[in-house]
Amino acid sequence: MGKYDPLRDYLRKQKADDLELSFVEMERKIGYMLPKSASLPQWWASPSEPATAPVQHKAWTDAGFDAVLIAGADRVRFRRAGST
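Residue 1 is where the sequence shown starts when you use full-length UniProt numbering, and the numbers rise one by one after that.
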């Protein structure tokens, strides 16, 4: 089981196309503290080469979502890929 699999599994169960989670909520789901680098937009950004995507990125993309850091809020908006 990967470190971010609980987040992936949670996102897969969601019916909404758009949802926000705080860092604390995500940490509760994964059972670990997010790294300090999670406060940087690039940690959440899509990589230019999908084959080299980091493990956290694979978690939400495998669930069908994109992620964007909400600046200054320690929150992330997950939006279902392909939704408007």
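We treat Cβ as the ideally placed atom computed from N, Cα and C, and that holds for glycine.
First through last residue of the alpha helix (DSSP H) which encompasses residue i
i, result
"Leu7", "Asp5 to Arg12"
"Ala59", "Val55 to Asp62"
"Glu27", "Phe23 to Ile30"
"Pro41", "Pro41 to Trp44"
Same chain, Cβ closer than 7 Å to residue i, five either side skipped, listed in chain order
i, result
"Gly64", "Arg80 and Ala81"
"Asp1", "The question names Asp, but residue 1 is Met in the sequence shown. Same-chain partners within the cutoff: there are none."
"Pro41", "Leu69"
"Ser22", "Asp74 and Arg75"
heavy atom of the ligand SAH below 7 Å from residue i C-beta
i, result
"Phe78", "Questions concerning the ligand SAH fall outside what the structure shown contains, since it holds no ligand whatsoever."
Own chain partners of residue i with C-beta closer than 8 Å, once the 5 adjacent residues on each side are dropped
i, result
"Pro35", "Trp43"
"Val24", "Asp74"
"Gly31", "Pro6"
Beta-bridge pairing of residue i - partner residues as DSSP gives them
i, result
"Asp66", "Arg79"
"Asp18", "Arg79"
Inter-residue Cα distance where the pair is residue i and residue j
i, j, result
"Lys29", "Ala71", "21 Å"
"Tyr4", "Phe78", "15 Å"
"Ser39", "Ala45", "12 Å"
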